[in-house]
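Visitor: This structure is in structure tokens; I'll ask about it shortly.
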Amino acid sequence: MPVDTKFADMPWIVGAFLSNPLHFRHMMNLMYMKLMTYLKPIKEKARFVFCHLMKVIKKTTEDDQVLPKEIERTKISAEEARKRFEHCKVNALNADFSDKVTGTINVGFAVENSVYEANADGGRESTLTARFQRLQAEVRQLIDDVETVKKEAGASGGELSVEQISVLASSLTNQLGQLQLEEIFGPNLDLTDLCAHDALIQKRLLEQIANFKPAPRRQAEKTSELLSFELYSKPSDQADSNKEKTLELDRRLQRLEALLGSREVTETGPGGLLDTASRLSERISLLQPAYLDQVEARIASLQAKLASISKNPENSIVTDADTQNKVAELFEIVKKWDTFSADLPTVVDRLKDLQALHEQASEFSTALVNVELSQKRIDDELTSYSSQLKVVQDSLSNVLSTFKENSALIEQAIKSTSS
216 MPVDTKFADM
226 PWIVGAFLSN
236 PLHFRHMMNL
246 MYMKLMTYLK
256 PIKEKARFVF
266 CHLMKVIKKT
276 TEDDQVLPKE
286 IERTKISAEE
296 ARKRFEHCKV
306 NALNADFSDK
316 VTGTINVGFA
326 VENSVYEANA
336 DGGRESTLTA
346 RFQRLQAEVR
356 QLIDDVETVK
366 KEAGASGGEL
376 SVEQISVLAS
386 SLTNQLGQLQ
396 LEEIFGPNLD
406 LTDLCAHDAL
416 IQKRLLEQIA
426 NFKPAPRRQA
436 EKTSELLSFE
446 LYSKPSDQAD
456 SNKEKTLELD
466 RRLQRLEALL
476 GSREVTETGP
486 GGLLDTASRL
496 SERISLLQPA
506 YLDQVEARIA
516 SLQAKLASIS
526 KNPENSIVTD
536 ADTQNKVAEL
546 FEIVKKWDTF
556 SADLPTVVDR
566 LKDLQALHEQ
576 ASEFSTALVN
586 VELSQKRIDD
596 ELTSYSSQLK
606 VVQDSLSNVL
616 STFKENSALI
626 EQAIKSTSS
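Residue numbers (my numbering): 216 to 634.
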């Protein structure tokens with residue numbers, strides 16, 4: 216490696232060390248290996264000298280090495296980091312470590328502290344809940360400090376006494392307990408951030424104050440001899456009065472229903488009140504005077520006819536002989552029918568019982584017809600098969616006769632050839 220020119224006038228070892236400490240350390244390692252190889256008798260002494268030299272070099276490089284201005288040396292303490300981030304949690308919801316090109320800067324992990332710190336590191340302004348928690352923490356810390364001071368010597372003359380501070384701390388604790396934030400904002404409300412509900416609480420308070428405000432008073436009359444009293448009611452009293460009126464109306468309706476009848480909806484009909492009203496109007500129209508006069512005239516004519524028949528029963532007898540004969544025949548038929556009418560239910564029941572039997576008989580008859588048809592078809596097939604069998608037998612007999620004749624001829628030919 217080239218040696219820096221500014222260390223050229225120095226001795227070789229010092230110049231080489233200052234120009235390039237790492238290279239110098241490497242060279243020293245090589246020298247040590249060679250010494251260990253060639254100088255075994257003085258191994259222990261060389262090791263001691265080399266270790267001492269390495270310690271000196273390391274200390275020199277750590278203390279005297281000059282760093283450029285652009286490089287800043289920082290000291291990291293694990294204990295301080297643990298104290299700083301002991302009660303913190305990491306929120307990675309909005310973290311973005313991608314290399315994509317965006318208009319905004321990439322966001323890393325968000326570190327949130329669960330323990331409240333009054334505007335720590337220039338953070339956001341403390342909320343209502345944060346202030347409440349801070350007061351609780353400070354009061355508890357104050358009580359603990361008072362307890363520790365009680366055990367030690369008394370306070371100085373210009374400060375408050377320990378007993379007074381303890382009383383004040385207990386009163387502050389009671390006042391914080393009387394705030395009852397959970398009852399104001401609801402039991403299910405998260406008390407981590409209540410600033411969003413400040414406007415709602417303020418609006419509720421203004422509404423309650425407006426409800427309790429009295430109405431504008433009238434100007435007093437000039438004659439001040441009389442005393443005037445004005446009564447103001449709360450909205451709750453007005454609501455109670457409205458409920459009382461509603462209950463009174465309900466009781467009156469129940470009394471009317473008890474007098475007039477039930478209030479069941481089914482009695483008005485499936486069509487509802489309109490259909491019921493139309494039916495009632497039709498019934499009422501029957502009670503009109505004109506229709507009643509017609510009904511009265513018809514009743515009067517019927518009464519007159521009945522009176523005439525009762526006075527002259529002979530006129531009511533039919534004088535026509537044919538009509539009398541027909542009436543007699545009808546009377547005889549009715550008499551005969553009376554005898555049949557008594558037996559008719561039993562006959563009908565018997566016919567009902569016989570209906571199933573007739574159905575089964577019809578099914579059996581159809582089955583018999585099908586059997587006859589199948590039997591006839593089988594007979595036809597048997598006759599055809601018998602005729603075919605006869606033809607086959609005739610042909611077989613002819614073939615056998617020809618075969619015998621041929622065999623006889625063959626035998627004769629064989630005999631003739633053999634002789």
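Note that the Cβ used here is the ideal one computed from N, Cα and C, for glycine as well.
(1) Rounded to the nearest angstrom, how far is the Cβ of Val354 from that of Thr388, given a contact under 8 Å?
(2) Does the CB of Phe300 have a neighbour CB from chain C at under 7 Å?
(3) Tell me Asn244's beta-bridge partners as DSSP assigns them.
(4) In whole angstroms, what separates the C-alpha of Glu547 from that of Thr554?
(5) Could you check what DSSP says for Asn457 in three-state terms: helix, strand or coil?
(6) Just mark Ala571 as buried or exposed, buried being the case when its beta carbon has 16 or more other beta carbons within 10 Å.
(7) Alpha helix (DSSP H) containing Lys290: first to last residue?
(8) Alpha carbon to alpha carbon, what distance is there between Leu597 and Asn585?
(9) Can you tell me the Cα-Cα spacing of Leu569 and Asp508, whole angstroms?
(10) Sort out for me which residues DSSP pairs Val542 with in a bridge.
(11) Classify Asn585 as helix, strand or coil using the three-state DSSP reduction.
(12) Within 10 angstroms of the Cβ of Ala345, are there 16 or more other Cβ atoms? Answer buried if so, exposed if not.
(13) Can you tell me whether DSSP reads Asn613 as helix, strand or coil?
(14) Could you check where the alpha helix (DSSP H) with Asp311 kicks off and where it finishes?
(15) How big is the Cα-Cα spacing for Thr461 and Leu468?
(16) From the DSSP output, in three-state form, read off Asn426 for me.
(17) What's the C-alpha gap between Ile514 and Lys520?
(18) What is the rounded straight-line gap between the Cα of Met243 and the Cα of His267?
(19) Measure the alpha-carbon distance for Ser292 versus Asp359 and round it to whole angstroms.
(20) The beta strand (DSSP E) that contains Asn306, what's its start and end?
(21) In three-state terms, what does DSSP make of Leu350?
(22) Between the C-alpha atoms of Ile625 and Gln608, what's the straight-line distance to the nearest angstrom?
(23) Return the CA-CA distance between Leu559 and Glu544, expressed in angstroms with no decimal places.
(24) Identify, in the order they occur along the chain, each residue of the same chain with its Cβ nearer than 6 Å to the Cβ of Glu497, setting aside the five sequence neighbours on each side.
(25) Could you check where the alpha helix (DSSP H) with Gln509 kicks off and where it finishes?
(26) Which value, in whole angstroms, describes the spacing of the CA atoms of Asp311 and Ala352?
Guide: In brief:
(1) By 1-based counting over the sequence shown, the position of residue 354 is 139. By 1-based counting over the sequence shown, the position of residue 388 is 173. Between the beta-carbon of Val354 and that of Thr388 there is about 6 Å, and that keeps the pair under the 8 Å contact cut.
(2) Protein chain content of the structure displayed is limited to a single chain, and chain C is not contained in it.
(3) Residue 244 sits at position 29 when you count from the first residue of the sequence shown. None; Asn244 has no bridge partner.
(4) Numbered from 1 along the sequence shown, position 332 holds the residue referred to as residue 547. Numbered from 1 along the sequence shown, position 339 holds the residue referred to as residue 554. The alpha-carbon atoms of Glu547 and Thr554 are separated by roughly 11 Å.
(5) The count along the sequence shown starts at 1 and reaches residue 457 at position 242. DSSP places Asn457 in helix when its eight states are reduced to three.
(6) Indexing the sequence shown from 1 puts residue 571 at position 356. Exposed: under 16 other Cβ atoms inside 10 Å.
(7) For the purposes of this step, residue 290 is identified with residue 75 of the sequence shown, where counting begins at 1. Lys290: not part of any alpha helix (DSSP H); DSSP gives it neither H nor E.
(8) Here residue 585 refers to the residue found at position 370 when the sequence shown is read from its first residue. Here residue 597 refers to the residue found at position 382 when the sequence shown is read from its first residue. Answer to the nearest angstrom: the Cα atoms are 18 Å apart.
(9) As a first step, residue 569 must be located in the sequence shown, where it is residue number 354. As a first step, residue 508 must be located in the sequence shown, where it is residue number 293. So the two alpha carbons sit approximately 59 Å from each other.
(10) The residue given as residue 542 occupies position 327 in the sequence shown. DSSP lists no partner for Val542.
(11) Position 370 of the sequence shown, counting from 1, holds the residue named residue 585. Note: Asn585 maps to helix in three-state DSSP.
(12) Residue 345 sits at position 130 when you count from the first residue of the sequence shown. Looking at its Cβ environment, which holds 16 or more other Cβ atoms inside 10 Å, Ala345 is buried.
(13) Residue 613 sits at position 398 when you count from the first residue of the sequence shown. DSSP places Asn613 in helix when its eight states are reduced to three.
(14) For the purposes of this step, residue 311 is taken as the residue at position 96 of the sequence shown. Premise fails: Asp311 is in no alpha helix (DSSP H) and is neither H nor E.
(15) Sequence index remark: in the sequence shown, residue 461 carries index 246 (1-based). Sequence index remark: in the sequence shown, residue 468 carries index 253 (1-based). Approximately 11 Å, taken between the alpha carbons.
(16) Your numbering for residue 426 matches position 211 in the sequence shown. Helix.
(17) Counting from 1 along the sequence shown, the entry for residue 514 is found at position 299. Counting from 1 along the sequence shown, the entry for residue 520 is found at position 305. Going by the C-alpha atoms only, they are around 10 Å apart.
(18) For the purposes of this step, residue 243 is taken as residue 28 along the sequence shown, with counting starting at 1. For the purposes of this step, residue 267 is taken as residue 52 along the sequence shown, with counting starting at 1. The straight-line gap from Cα to Cα measures roughly 12 Å.
(19) Within the sequence shown, residue 292 is the residue found at index 77, counting from 1. Within the sequence shown, residue 359 is the residue found at index 144, counting from 1. Taking the straight line joining both Cα atoms gives about 30 Å.
(20) Position 91 of the sequence shown holds residue 306. For Asn306, the uninterrupted beta strand (DSSP E) segment begins and ends at 303–306.
(21) Translated into the one-based positions of the sequence shown, residue 350 becomes position 135. Note: Leu350 maps to helix in three-state DSSP.
(22) Reading the sequence shown from its first residue, position 410 is the one you call residue 625. Reading the sequence shown from its first residue, position 393 is the one you call residue 608. C-alpha separation (whole angstroms): 25 Å.
(23) Sequence index remark: in the sequence shown, residue 559 carries index 344 (1-based). Sequence index remark: in the sequence shown, residue 544 carries index 329 (1-based). Computed Cα separation, rounded: 22 Å.
(24) The residue you call residue 497 lines up with position 282 of the sequence shown. Result list for Glu497: empty, nothing under 6 Å.
(25) As a working note, residue 509 is residue 294 in the sequence shown. Its alpha helix (DSSP H) spans residues 504–526.
(26) Sequence index remark: in the sequence shown, residue 311 carries index 96 (1-based). Sequence index remark: in the sequence shown, residue 352 carries index 137 (1-based). Straight across, the Cα-Cα distance linking Asp311 with Ala352 is about 36 Å.
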